[in-house]
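For reference, the structure discussed in these notes is given below.
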């Protein structure tokens, strides 16, 4: 997979973000309501990645920096958003490859921990994160207190 840094509002990123939002609608009945600004994913305060196979966008993921502590978020955290692989290519290790690149670029940018939110109706995502060293953390932001939400963190 060829992984490229692209703007959050790049057409290929938008296509994949729309697809992941539809996945949330299918699983939970609503899209993710986290406030997201495309500027959050502009270096050096963030990054968005799209993975390509044979020139087609098939996977994405990104992170945004948190420079101010807002417990349980710590100054220096990077929050991962929109890790996604198109359904036809799942089970081939592409999500693990994209996750590794999200982590690598966050470390390169000086981030000290990666945090994320996933939902209990996404067992495959939970399995990926757990097998990659992520551990439960208190809910944060709009997810605090949400019974369908699972927040995870990993020191980088």
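In the numbering used here, the protein residues as written are 46 to 201.
The C-beta atom is built at its ideal place from N, Cα and C for all residues, glycine as well.
- For residue 148, the number of other beta carbons within 10 angstroms of its own is at least 16, and it is reported as buried.
- Annotation: residue 75 to residue 200 spans about 30 Å, alpha carbon to alpha carbon.
- CA-CA distance, residue 164 to residue 195, rounds to 5 Å.
- Taking 8 Å as the cut-off, the beta carbon of residue 123 is found no closer than this to the beta carbon of residue 175.
- The C-alpha of residue 136 lies about 10 Å from the C-alpha of residue 169.
- Boundaries for residue 119: no alpha helix (DSSP H) harbours it, and the DSSP string shows neither H nor E there.
- Each of 198, 193 and 197 was checked against the Cα of residue 73, and the nearest Cα belongs to 193.
- In this structure, the straight-line span from the alpha carbon of residue 187 to that of residue 79 is close to 6 Å.
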